[in-house]
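K.L.:
Residue numbers (UniProt numbering): 1 to 546.
Note that the Cβ used here is the ideal one computed from N, Cα and C, for glycine as well.
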């Protein structure tokens, strides 16, 4: 393309305005198409009218253009192929059927980029990017696996005597050298798959070399999704900001729990989240002169409460994150959160890090297991309060596919709450996931060590254009008993990972550092088994386009 940005498009005076429109090519557009191609390819020239007609007849949806005031000024030509028939060692003429698109397969798994051209008089208007975006949209809508094309490298002619094509491509990737085609493709999320020779013998600028470039459709479905029981991408979560009030029996507590379960199930929530030690109201039944003895007494209710919540999860068709409750086992006291699935199964996650206050007042012991939980709506993680302040844990969970992190907490003052909140929001950004936090409010007079509470439940998201501007999906009124009901779009997380403004997961430098689990085997995989998607994804791409 020309770099002369001062030239006006043909037929436009100083007083005229652009009126750009993206649409499919039509047969009557051939004179405009030929004019632009002759400008862009003065040596190779335009398609013949016969070739152009065959291209539109075989795959009209794949031929896209941009018109300005009714005149075609840019276009992208595409075919759909069964790529296994051709493999990586093909020529331009072979895969395009000598320009007649006889190789087009309506059921093919790959969109093959045949050509992209923009009138030099429209240089600097980013029309090529619009065409690339339209082609990506077509790829998604057709559920094709990827876009592949053989890309010219016209800048290579200046370096062909001093380096190989592979060395030249490496310089372009590092932005040491600018190539008018390859640099543009890399900027549009394509990756070099391999170098091929004799792709277009008459392309003297590229010395007959080409880069096979590829863009992967992350929404590609290998087979038709089950009509029932398939995975959901829009998840509804309800958090309970729990009001502490004196209670004297498990029946009283379960009545209050069922109230919230019923309310959230009525809004078709997939998850209900309770706070850390939500059952602490029952501590008033025990000796307040000995907090360690009192909380061990509270632990005797845990199994009964868990079984009651499990029954509610099944009856109301909602997964319950059972905050946390004390568990006394083998003369050790643990702080344990329960996942109570609506299919009748349950699992638990121990709190791993114990605060100085919990250790001195109650004699709590930290657990030694960390895991990601499978649910009917995706993989989740649970970190209890203080644990969210240790970023290694959520990173290990993220590497195992966690999409939502639940953080039940108990904080007595605002500064303690802010530690949990700020760290939880950081976990959402750095791990490209949703994080839901919830705690307790109110007071428990005459209950040692849990007498006051501070809470503002919230749901956090990553920070990018697809999410709220402050990365806060929703938050409660501080210190007020209430629920939050929030929808989470998991497709946005997948799109963020591959097409976000920044890509924390893919851009990790695993050649320099790693986070490794050295605790109980079988909970989270060792990092030696992790794959560096950032590295592996960077080796793909393809198009013969300018």
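(1) When DSSP builds the beta bridges, which residues end up paired with residue 475?
(2) Whose C-alpha, out of 342, 61, 413, is nearest the C-alpha of residue 375?
(3) Quick one: which unbroken beta strand (DSSP E) runs of 3-plus residues sit fully inside the region 330-400? Chain order, please.
(4) From residue 180 to residue 123, what distance separates their C-alpha atoms?
(5) Can you tell me whether residue 218 is buried or exposed, with buried defined as 16 or more other CB within 10 angstroms of its CB?
(6) Starting from residue 214, follow its DSSP beta bridges and name the residues at the other end.
(7) Do the region 37-46 and the region 95-108 make contact, defined as three or more Cβ pairs closer than 8 Å?
(8) Whole angstroms is fine: what's the gap from residue 107's alpha carbon to residue 196's?
(9) In three-state DSSP terms, what is residue 288?
(10) Note down the Cα distance separating residue 18 from residue 166, rounded to an integer number of angstroms.
(11) Report yes or no: do three or more beta-carbon pairs, one from the region 241-253 and one from the region 403-419, lie closer than 8 Å?
(12) In whole angstroms, give me the CA-to-CA distance for residue 143 and residue 239.
(13) Return the chain-ordered list of same chain residues with a C-beta closer than 7 Å to the C-beta of residue 258, the five sequence neighbours on each side being excluded.
(14) Under the three-state reduction of DSSP, which class applies to residue 257: helix, strand or coil?
(15) Measuring straight from C-alpha to C-alpha, what distance separates residue 451 and residue 442?
(16) Along the chain, where does the alpha helix (DSSP H) containing residue 55 start, and where does it finish?
(17) Hey, which unbroken runs of the beta strand (DSSP E) at 3 residues or more fall wholly within the region 26-51?
(18) Is there contact between the region 58-65 and the region 125-145, where contact requires at least three CB pairs shorter than 8 Å?
(19) When the Cα atoms are used, what is the spatial distance from residue 340 to residue 322?
(20) What residue does the beta strand (DSSP E) around residue 111 start on, and which one ends it?
(21) For residue 273, which of 192, 354, 459, 295 has the nearest alpha-carbon?
(22) If contact is defined by three or more beta carbon pairs under 8 Å, each pair taking one atom from either stretch, is the region 111-123 in contact with the region 74-83?
(23) With residue 423 as the anchor, note down where its beta strand (DSSP E) starts and where it stops.
(24) Looking at residue 377 and residue 270, is the spacing between their C-beta atoms short of 8 Å?
P.N.:
On the basis of the coordinates in this document:
(1) 458
(2) 342
(3) 332-340, 346-350, 373-375, 378-382
(4) 12 Å
(5) exposed
(6) 148, 191
(7) no
(8) 26 Å
(9) coil
(10) 41 Å
(11) no
(12) 36 Å
(13) 312
(14) helix
(15) 9 Å
(16) 49-58
(17) none
(18) yes
(19) 7 Å
(20) 110-118
(21) 459
(22) yes
(23) Note, residue 423: premise wrong, no beta strand (DSSP E); alpha helix (DSSP H) at 414-431.
(24) yes
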